Each structure stands twice: as structure tokens, then as C-alpha cells.
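Colleague: The opening position of the sequence shown corresponds to residue 0 in numbering that gives the first Met the number 0, with each subsequent residue numbered one higher.
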Amino acid sequence: MHVALNSCGKKTRLLLLSWNSEQKTLKLSLKMIGCGPLKPKIKASPAHSTAALIVDEPEETDPWDLPELKDAGVPWSALDTKGKVLRVLISVGKLILLLGFLYMFVCSLDILSSAFQLVGGKTAGDIFQDNEILSNPLAGLVIGVLVTLLVQSSSTSSSIVVNTSMHRKLIMMLTVQVAVPIIMGTNIGTSVTNTLVAMTQAGERNTFRRAFAGATVHDFFNWLSVLVLLPLEVASGYLFVVTKLITDSFEIQSGEAPDLLNVITDPLTESIIELDASVISGIATDDPEAKNKSLIKRWCQTFTNTTLMNVTVPGPENCTSPSLCWVDGNYTFTLKNISQIYNIKKCTHLFVDVNLSDMAVGLILLALSLLVLCSCLILIVKLLNSMLKGQVAVVIKKVLNTNFPFPFGWVTGYIAILVGAGMTFIVQSSSVFTSAITPLVGIGVISIERAYPLCLGSNIGTTTTAILAAMASPGETLADALQIALVHFLFNISGIILWYPIPFTRVPIRLAKGLGNITGKYRWFAVVYIICCFFVLPLLIFALSLAGWKVLVGVGVPLLIMLIIIIVINILQKRKPGWLPAVLRSWDFLPLWAHSLAPCDKAVGVLIAKCCCCCKCCQAASDDQEDRAEQLENNKTTHTAVYDNHAMSVENEAEDGMKIELNILKMTTL
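1) Does the count of Cβ pairs from the region 362-376 and the region 401-421 closer than 8 Å reach three?
2) Flag this pair as touching only if the region 522-533 and the region 489-498 have three or more C-beta atom pairs under 8 Å; answer yes or no.
3) In the DSSP assignment, find the unbroken alpha helix (DSSP H) run with Tyr521 in it and report its ends.
4) Apply the 10 Å Cβ neighbour rule to His645 and answer buried if 16 or more other Cβ atoms are within range, or exposed otherwise.
5) Assuming the contact rule is C-beta atoms closer than 8 Å, Pro313 and Val233 should be a hit. Round their C-beta distance to whole Å, please.
6) Between Ser134, Thr174, Ile181, which has its C-alpha nearest Cys146's C-alpha?
7) What do you get for Gly456, buried or exposed, if any count of 16 or more other CB atoms within 10 angstroms of its CB means buried?
8) Please classify Ala628 as buried or exposed, where buried requires at least 16 neighbouring CB atoms within 10 angstroms.
9) Three or more C-beta pairs closer than 8 Å, one from the region 304-321 and one from the region 333-344: is that the case here?
10) Return helix, strand or coil for Gln427, following the three-state DSSP convention.
11) Look at the Cβ atom of Ser431, then the Cβ atom of Val216, and state whether they are nearer than 9 Å.
12) For Leu140, tell me which candidate among Asn186, Ser112, Tyr102, Gln116 has the shortest Cα-Cα distance.
13) Measure the C-alpha to C-alpha separation of Lys549 and Pro557 and round it to an integer number of angstroms.
14) In its own chain, which residues sit with a C-beta less than 8 Å from the C-beta of Gly236, not counting the 5 before and 5 after it?
15) Helix or strand or just coil, what does DSSP make of Asp265?
16) By alpha-carbon positions, which one of Thr462, Gly213, Gly188, Asn400 ends up nearest to Gly421?
17) Taking only the alpha-carbon atoms, compute the straight-line gap between Lys344 and Ala114 and give it to the nearest angstrom.
18) Pick helix, strand or coil for Asn354, following the three-state DSSP scheme.
19) Going along the chain, which residues of its own chain have a beta-carbon closer than 6 Å to the beta-carbon of Asn193, five neighbours each way excluded?
20) Count the C-beta pairs between the region 313-322 and the region 297-305 that are closer than 8 Å, then say yes if the count reaches three, no if not.
21) Short of 8 Å in beta carbon distance, which residues of its chain neighbour Ile408, apart from the five on each side in sequence? Order them along the chain.
22) On the criterion of 16 or more Cβ atoms from any shown chain inside 10 Å, does Phe503 qualify as buried, or is it exposed?
23) Going straight from the alpha carbon of Ser112 to that of Leu238, what length do you get?
24) Identify the residues that DSSP records as bridge partners of Thr303: which are they?
25) Taking the runs of the alpha helix (DSSP H) that are 4 residues or longer, which of them lie wholly in the region 448-532?
26) On a CA-only basis, which of Gly328, Thr423, Ile564 is nearest Leu583? Give me that one, please.
27) Let's test the definition: count the other Cβ atoms within 10 Å of the Cβ of Leu231 and tell me whether it reaches 16, buried, or not, exposed.
28) Should Asp109 be labelled buried (16 or more other beta-carbon atoms within 10 Å of its own) or exposed?
29) What residue range does the alpha helix (DSSP H) around Asp247 cover?
30) Tell me whether Tyr330 is buried or exposed, calling it buried when 16 or more other Cβ atoms sit within 10 Å of its Cβ.
31) Among Leu274, Trp222, Pro406, Val380, which has the Cα closest to the Cα of Val351?
32) Per DSSP, what kind of secondary structure is Asp327 in: helix, strand or coil?
33) How long is the line joining the alpha carbons of Ala197 and Phe220, rounded to whole angstroms?
34) Closest to Thr242 by CA distance: which of His487, Trp578, Ile529 is it?
35) Would you kindly report the start and end of the unbroken alpha helix (DSSP H) that includes Asp600?
36) Let me check one thing: in DSSP terms, what residues is Lys335 bridge-paired to?
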């Protein structure tokens with residue numbers, strides 16, 4: 000509608016109301032013009048619909064905000080008696096299934112660890128024999144990472160270190176000082192399990208973003224702790240000195256390690272496979288009999304008989320004592336205690352009579368355990384998504400993520416650390432606990448800020464396994480074994496002091512969120528991260544450390560300086576761009592491939608399209624653009640309650656417009 004009101008000597012005020020039928024919008028404007036004719040001129044056109052009068056701009060949402068788990072089902076109050084009973088039965092059934100899948104998930108992790116030990120356990124034992132390599136702190140760190148990757152358990156690798164340190168009669172002896180970097184490496188290696196578990200949630204972008212960040216916050220904590228504490232240990236021997244003072248100040252007697260969750264899981268796992276853990280320790284201590292022995296346990300009950308026998312030795316120097324040494328021609332005899340093992344009861348697991356190598360059995364178990372683990376995890380996530388809806392989800396999220404009232408809010412994180420330590424002590428594995436909370440972070444039940452202290456607690460809880468293993472050692476080696484176990488404990492405590500108490504120091508959370516944003520946008524980058532973080536980087540450090548300190552310093556220091564400069568420039572670009580020269584305020588002066596993953600994403604997209612065009616988990620840039628466009632469209636909200644004009648319809652718009660104009664013209668003529 001155009002309404003013009005003129006008066007001589009004054010400017011005209013022109014009110015413009017225009018309807019755009021294509022965009023279905025009504026535009027209102029006011030213009031000032033000079034004097035015109037005295038006769039007012041009015042032109043009207045119908046406003047049949049103003050449904051799109053106001054369109055909200057898309058709101059910027061934080062991808063790290065926990066999603067609202069809405070309940071699409073019928074409310075409880077609207078159900079009849081039969082419906083309520085049925086819903087209760089379904090909920091109980093889902094809870095039973097959830098516990099069953101969780102049990103299978105834990106058992107599959109146990110069998111996965113056994114499979115890795117069968118595949119690489121003897122190699123792990125061989126690694127611990129070369130004391131010259133182990134004396135290099137960086138090499139020891141990398142060996143700890145790789146051995147833990149091979150056996151998939153920091154508890155197992157720590158126990159190997161503890162057991163190896165007991166055999167002081169060996170020439171190649173693993174001392175406590177040498178064991179400290181290895182223990183640090185086991186902390187890094189064990190965090191790969193929950194990172195792999197997060198990969199199973201790659202189907203949905205935001206879920207994968209949260210799950211991968213929740214898993215890798217553990218990685219960043221371990222790497223940052225090593226980055227600070229390893230140089231400190233090399234320079235001052237901080238961990239060795241403190242743990243030595245602790246072990247010297249207490250009189251500790253050896254005992255037996257208790258079984259907790261193993262009481263429930265062992266009946267199933269031991270019916271599938273049983274391993275002889277003494278074989279790996281025997282190889283590490285250079286026992287010749289252990290090298291030719293299978294890791295698969297054949298006899299579960301044996302009897303050892305020790306008798307004093309007359310044996311032949313190479314020469315008099317090998318006799319037990321000069322009084323018990325006889326020479327008869329070219330032969331030398333002496334008396335020795337000879338232990339003979341008699342097999343009594345055979346084991347009953349599935350592979351006890353299978354004539355396959357350890358490698359073949361390990362690969363079979365590896366494939367089956369991964370299949371069961373992924374299947375259980377997917378089913379657990381689906382069950383949790385169906386159960387954690389509506390009021391139940393609100394209550395659980397509130398309990399898990401709400402802080403204590405002021406001024407005790409800071410206590411909440413430390414309570415979470417204690418909960419993580421206690422739960423890990425019960426399940427006897429940090430991998431099990433962190434892998435269990437990873438899908439909860441993905442679906443939005445636990446925030447990454449709450450998952451972080453839980454992971455820190457799991458790091459403390461897993462050290463109890465090594466401490467209990469040390470407590471079960473003989474009295475003469477108890478002190479050294481316990482000291483190594485306490486090194487593991489003190490390392491994690493020191494890391495928590497560095498990266499948790501002050502909110503500003505919680506750097507692992509920010510790094511994990513940054514990596515989560517990258518993997519949420521480019522999901523294939525998660526695979527690159529796992530390969531580089533747990534294989535390429537450790538092997539590169541290992542190779543440089545073996546080449547000598549000159550090569551290590553010559554290559555490592557420039558790379559480290561370059562990395563620090565890039566980090567500082569990135570921080571200044573975001574917070575203080577004015578402090579930088581104009582060219583450094585962005586990375587646009589570099590080629591696109593040097594500061595963006597988009598070119599790689601296109602290449603990966605083409606490769607995936609050729610290899611598996613049906614893959615939904617690894618879409619590339621086109622999928623990215625579609626998701627962003629869909630999200631932008633969904634964020635637009637149209638207000639229709641006030642502005643709809645139901646007096647007119649689309650069919651009669653033109654006819655009604657002509658009638659209105661004729662009526663207005665008649666009125667002006669009169």
C-alpha cells in the first residue's frame with residue numbers, strides 16, 4: 000500500500016507498504032519528498048499473508064553444550080494401567096540388557112588384551128632385555144608406549160617392569176631409575192583404547208565431536224605430564240628420590256592382591272582363553288626355557304617337586320660350593336636343587352587342545368574381540384539413547400554435571416577424581432572405565448569438563464594394580480618392586496597438580512575441544528591422529544634417541560622451537576592481532592594446504608567415493624556443506640501467530656486487490 004500525504008511548503012511524508020509475492024514479505028518504509036499536487040493520492044494493495052514477515056537470524060550455538068534429550072513417547076500420566084505395566088517391564092528389560100552388554104564389553108576388553116599379548120607379548124618381553132637402550136630416557140618412554148600398545152594394558156606392562164626388577168641376579172638388570180620413563184610411557188599407551196572406542200561413534204557429527212574430545216582429553220593430559228615431568232626427572236631424579244624415601248620409611252610386608260571385578264568376568268574369559276603370564280616375565284629376565292614356551296596355558300594345576308641331585312656342570316667354577324664339587328676325567332659333578340614340575344589338571348578353555356601358533360590364536364581372538372566390543376558398544380549407546388530421555392535424562396545430567404553450591408563448587412571436581420579412582424580400582428583397568436564413559440560423553444550425558452576429572456581419577460585407580468602386584472612379590476625384592484609402583488602413582492598425582500587445580504591450567508580440555516572440532520568437521524582426521532600420536536611420533540622419537548643426543552638435539556630443538564612459535568602466533572591472532580604485523584594476522588599468505596585441511600578433505604572424499612560410496616561415517620566436504628546448510632535452515636524460526644491475515648486467500652489475492660483499489664478511488668473522488 001502506498002499512502003502519500005502532501006501539503007504545500009512542507010515536505011511530503013510518504014508511507015510505503017509493499018508486498019513481495021515471490022519472497023512473501025511485507026516491506027514498510029517512510030520517505031520524505033518535496034511539494035507535490037494538493038490532491039492526495041492513495042494506492043492500496045492487499046496484504047493477504049504476512050506469514051514470513053519476521054524471520055529470526057540463526058543463533059550461534061555452542062557445539063559443546065549438552066544436547067537436550069527429549070522424550071517423544073507418551074507421558075506417564077496419559078498411560079492406562081496396562082500401558083504403565085508394559086513401560087515398567089520394558090524399562091527393566093532394557094536395564095538388564097544394558098548390564099549384559101556392559102558385562103560383554105568388559106569381557107571383550109579382557110580378551111582383546113589377551114589377544115594383543117599373544118600377538119606381541121614375546122616381543123614385548125624381548126624389548127626389556129636390552130639394558131643399553133633402556134638406559135636412554137626417551138627410548139625407555141617410547142618402549143613403555145609401544146609395549147602397552149602391544150599388550151593393551153598399562154597394568155600388564157607395569158607388572159612386567161615390576162617383575163623384571165625383582166631378578167637382581169641378572170647381569171642385564173632393570174633398575175628403578177631405568178624403569179621411571181617406561182612407567183611414564185605406559186600411561187600414554189593405555190589411553191589408545193578409549194580413543195579407538197570413540198571411533199565407533201563417528202556416524203553422527205556432533206556426537207563424534209564430543210566423544211573424541213572426551214577420549215583424547217586423557218591423551219593430552221598424559222603427553223603434557225610427560226613433557227614436564229620427564230625432563231624434571233632426568234635433571235633431578237624427583238620421582239626416584241621421593242618414592243625411595245617413602246619405601247625406606249615404612250616396613251611393608253608382602254601379601255596377596257585381591258580379586259574384585261575379575262571374580263565376575265574370569266569365568267567367561269577363562270573359558271575362552273588362559274595365558275601364562277610368567278612366560279612374558281621369563282623372556283624379559285632372559286629365561287631360556289620361557290623363549291620356547293607357549294603363552295597359552297595348557298595345565299591349570301601343577302605340582303613342583305624340588306630334590307637335591309647330582310648334575311654335570313661345565314667346570315669347577317660352576318659348582319655350588321668347593322666341598323660339593325667332584326672331577327671325573329673331563330666331567331665335573333656337583334649337587335644342586337632341581338625343581339621338576341608335574342602336570343596334574345589340564346585347563347578347559349577353548350584353545351587348550353588347538354594346534355595353532357600363538358600368533359594365529361591371537362589374530363583369531365583379536366578379530367572376534369573387536370567384533371564383540373564394537374557391537375556391544377553400539378548397542379550400549381542405542382540403549383542409553385532410548386533410556387536417557389525426558390525427566391530421567393534431566394536428573395542424571397543434573398547429578399553428574401552440577402557443582403556443589405557456592406562456595407564449595409571447587410570440591411565437585413575432586414569428588415569426581417575420587418569416583419574415577421574408586422571405579423577403576425573396582426574394575427582393575429583404566430581402559431575399561433574410560434572406554435565406558437566415552438559413549439556417555441558422546442551422547443551428551445556427561446560433559447567433557449566432568450569427564451576430565453573422572454579420567455584423572457582413573458589414572459590414579461589403575462596404579463593400584465601395579466601396587467598390589469608389587470605387594471605380592473617376595474620380601475627381598477618388595478622394596479624395589481613397590482618403589483616402581485609408587486613411581487606410577489606419584490607421576491599421576493604430579494600430573495594432576497600441574498593440570499587441574501587452577502582452571503587456567505586445564506589445558507587438556509581446551510586442546511581436546513580443539514581436536515574435537517577438527518575431527519567433527521573432518522572425521523577422517525581421527526585416524527590420522529591415532530596413527531601419528533601412538534605410532535609415528537613415538538617411533539620418530541625412538542629413532543632420534545638411538546642416533547645419539549647430537550642428532551636428537553639438532554632435529555628436535557628446531558622442530559620444538561617452530562611448534563612454539565606457531566602456537567604463540569595462533570594465540571596472538573585470536574586475542575591480540577594488533578600486536579602482529581599485518582601479514583601474520585592470518586595464515587592466508589601461505590598455500591591453502593599449509594593452513595587448512597580442506598584440500599586433503601577433498602582428496603579423501605574422492606578416495607572414499609571410489610572405495611566405498613555407501614560409507615556414511617567418512618563423508619567429505621560436500622557432506623560438510625549439506626550439514627551446515629541444513630543446520631542453518633533449521634535455526635531459522637518464523638513467527639506466524641500475530642501476522643497471519645486469514646481474511647484473504649491466495650486464490651482471491653488479485654481479485655480482492657482490484658476491489659480495494661476501486662473503493663479507495665471512489666472515496667477520494669467524493
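Using N, Cα and C, we set each Cβ at its ideal position, and we do this for glycine too.
Because the structure is a prediction, the values reported are computed rather than measured.
Modeller: So, from the listed chains and residues:
1) no
2) no
3) Going by DSSP, Tyr521 is part of no alpha helix (DSSP H) at all; its letter is neither H nor E.
4) Low per-residue confidence applies at His645: pLDDT is 46, beneath 50, and the placement is therefore not dependable, though the value from the model is reported in the following sentence. It is exposed - the Cβ of His645 has fewer than 16 other Cβ atoms within 10 Å.
5) That belief does not hold up - the Cβ atoms of Pro313 and Val233 are roughly 42 Å apart, past 8 Å.
6) Contrary to the premise, residue 146 reads as Val rather than Cys in this sequence. Looking at the Cα atoms, Ile181 is the closest of the given residues.
7) Its Cβ being crowded by 16 or more others within 10 Å, Gly456 is buried.
8) At Ala628, the pLDDT of 48 sits below 50, so the modelled position is not reliable; the number obtained from the coordinates is stated separately. Its Cβ having fewer than 16 others within 10 Å, Ala628 is exposed.
9) The region 304-321 makes contact with the region 333-344, as at least three CB pairs between them are under 8 Å.
10) coil
11) One point to set straight first is that residue 431 is Val, not Ser, in the sequence displayed. Their beta carbons are not under 9 Å apart, which means Val431 does not touch Val216 by this criterion.
12) For Leu140, the nearest C-alpha among the options comes from Asn186.
13) 13 Å
14) Gln176
15) helix
16) Thr462
17) Their backbone Cα atoms lie some 24 Å apart in a straight line.
18) Asn354 carries a coil assignment under DSSP once its states are collapsed to helix, strand and coil.
19) Ala214, Thr433, Ser434, Thr437
20) With the cut-off at 8 Å, the region 313-322 and the region 297-305 do not touch.
21) Per the sequence shown, the amino acid found at residue 408 is Gly instead of Ile. Asn402.
22) exposed
23) 29 Å
24) Ile340
25) 477-498, 506-520, 524-530
26) Ile564
27) exposed
28) buried
29) 237-248
30) exposed
31) Leu274
32) strand
33) Distance from the CA of Ala197 to the CA of Phe220, rounded to the nearest whole angstrom, comes to 17 Å.
34) His487
35) Going by DSSP, Asp600 is part of the alpha helix (DSSP H) stretching over 597-610.
36) Met308
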